Amino acid sequence: MKTLTVKKLLIPAVITTLVVGCAEIQTPQSLLNAQQAYKVAASNPAIQKYATDQLTEANKTLLNAVAAESVEDMSSLAYIGNAQVETAVNVAAAEQSKQNSIDLIQKKEQMITDSINSKKENAQNQLLKMQLNEAEREIILAFGNIEFVTGTADLVPGAASGIDLLATYMEKNPGKKVTLEGHTDSTGSAKLNKDLSQKRADFIRDVLISKGVSADSVTAIGYGQSQPVASNSSQSGRQKNRRIDIKFN
């Protein structure tokens, strides 16, 4: 349906009498009612959008009614004009109802699409999280094989594979942050071991930075002998306690 600007009805708001020759013609109530109905309809946005043709016809008819030279003609044309206004109202209501149904269907379709996309995105995020967790587990296991020369922050030969894995992982996941926690066995003083654990954690941090990992994404903390994972009474236990733990943030 074409959308046109509805011209205002050129009918006086209140017409009490019409003069024809020397005789006065009383404006029938039916014409006044039709004029009011037209005025209300013309201000309706739905009618302006969907029923401009019908409203234009009603306007023409009511203009003719005003110009009529007898009460009978006025009343007859007022009846027709009022019917045309009602037709415009009904057409607009039907078209608006149809459009409302279309809008509702489109809204439901959009909700379904959004739901599908949301589930798909959640599934992808879960898969990515699983993949990240698997990669992180692999790195943590690799760090379990890292060993330092006794009493130093120097790695034993062949102990750098875990560092390489971590550097590659951090490069692929720039938003990730990691904390390196250094630990020692109980051999020596607590202060000496805390300093040594900090040096070892700092050493690995420096290696990661040299491989391109952002310094802001790596934190190094030394805990010394305060958090053992095995008894220090045996060589194997002390070896387990000399470690670097990794925590991903």
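Take the sequence shown: its letters are residues 152 to 400, numbered as in my numbering.
All C-beta atoms in this analysis are idealised placements derived from N, C-alpha and C, irrespective of residue type, glycine included.
Given the structure is predicted, the values throughout are model-derived calculations rather than measurements.
Check whether the Cβ atoms of Arg288 and Thr335 sit closer than 8 angstroms, and answer yes or no.
Walking along the sequence shown from the start, residue 288 turns up at place 137. Walking along the sequence shown from the start, residue 335 turns up at place 184. No, the Cβ-Cβ distance between Arg288 and Thr335 is not below 8 angstroms.
Which same chain residues end up closer than 6 angstroms to Ile360 when comparing Cβ atoms and leaving out the 5 residues on each side of it in sequence?
Numbered from 1 along the sequence shown, position 209 holds the residue referred to as residue 360. Closer than 6 angstroms at Cβ, skipping near neighbours: Ala366.
Rounded to whole angstroms, what's the CA-CA distance from Asn273 to Phe399? Just pull it up for me.
As a working mapping, residue 273 is identified with position 122 in the sequence shown. As a working mapping, residue 399 is identified with position 248 in the sequence shown. Roughly 21 angstroms separates the two Cα atoms.
I'd like to know whether the C-beta atoms of Gln242 and Pro179 end up nearer to each other than 8 angstroms.
Indexing the sequence shown from 1 puts residue 242 at position 91. Indexing the sequence shown from 1 puts residue 179 at position 28. According to the sequence provided, residue 242 is Val. The question's Gln does not apply to it. Taking 8 angstroms as the Cβ cut-off, Val242 and Pro179 do not qualify as a contacting pair.
Where the beta strand (DSSP E) through Ile297 begins and ends
If you number the sequence shown from 1, residue 297 lands on position 146. Element bounds for Ile297: n/a, residue is neither H nor E.
Output the distance between the C-alpha atoms of Ala371 and Asp305, rounded to the nearest integer angstrom.
Counted from its first residue, the sequence shown places residue 371 at position 220. Counted from its first residue, the sequence shown places residue 305 at position 154. Ala371 and Asp305: Cα-Cα distance of roughly 16 angstroms.
Please classify Ala239: does DSSP put it in a helix, a strand, or coil?
Here the question's residue 239 lines up with position 88 in the sequence shown. Ala239: helix per DSSP, three-state reduction.
Measure the C-alpha to C-alpha separation of Cys173 and Met225 and round it to an integer number of angstroms.
Reading the sequence shown from its first residue, position 22 is the one you call residue 173. Reading the sequence shown from its first residue, position 74 is the one you call residue 225. The predicted model places Cys173 with a pLDDT of 41, which falls under 50 and marks its position as unreliable, so this point remains unresolved.
So Ile290 packs on Leu255, CB below 8 angstroms; how close in whole Å?
Reading the sequence shown from its first residue, position 139 is the one you call residue 290. Reading the sequence shown from its first residue, position 104 is the one you call residue 255. That pair is no contact at about 52 angstroms.
Looking at the unbroken beta strand (DSSP E) that takes in Val217, where does it start and where does it end?
In the sequence shown, residue 217 corresponds to position 66, counting from 1. Note, Val217: premise wrong, no beta strand (DSSP E); alpha helix (DSSP H) at 203–218.
Can you find the residues in the same chain that come closer than 8 angstroms, C-beta to C-beta, to Glu298, ignoring five residues on each side of it along the sequence?
Looking up residue 298 in the sequence shown gives position 147. Once the five neighbours on either side are set aside, the close Cβ partners of Glu298 are Leu306, Val307, Ala310, Gln390, Arg393.
Do the region 253–272 and the region 204–215 meet, that is, are 3 or more Cβ pairs less than 8 angstroms apart?
no
Given a cut-off of 8 angstroms on the beta-carbon distance, is the pair Gly363 and Glu322 in contact?
What you label residue 363 is simply residue 212 of the sequence shown in a count that begins at 1. What you label residue 322 is simply residue 171 of the sequence shown in a count that begins at 1. Closer than 8 angstroms, so yes.
Best match in Ala234, Pro196, Tyr201, Gly333 for proximity to Thr212 [C-alpha to C-alpha]
Taking the first residue of the sequence shown as position 1, residue 212 is located at position 61. For Thr212, the nearest C-alpha among the options comes from Ala234.
Between the Cα of Asn324 and those of Gly232, Ala286, Ile314, Lys270, spot the shortest distance and give me the residue it belongs to.
Position 173 of the sequence shown, counted from the start, is the residue given in the question as residue 324. Comparing Cα positions, the closest option is Ala286.
Jot down the residue ranges of each uninterrupted alpha helix (DSSP H) in the region 287–346, minimum 4 residues, whole runs only, in chain order.
312–323
Looking at the unbroken beta strand (DSSP E) that takes in Ala381, where does it start and where does it end?
In the sequence shown, residue 381 corresponds to position 230, counting from 1. Element bounds for Ala381: n/a, residue is neither H nor E.
Can you list, in chain order, the residues of its chain with a C-beta nearer than 6 angstroms to that of Phe354? Leave out the 5 residues immediately preceding and following it.
For the purposes of this step, residue 354 is identified with residue 203 of the sequence shown, where counting begins at 1. Cβ neighbours of Phe354 beyond the five flanking positions: Ala304.
Helix, strand or coil: how does DSSP classify Val113 here?
The question about residue 113 has no answer, for the chain in this structure spans 152 to 400.
Tell me the DSSP secondary structure of Lys391 in three-state form.
Counting from one through the sequence shown, the residue named residue 391 turns up at place 240. Correct three-state label for Lys391: helix.
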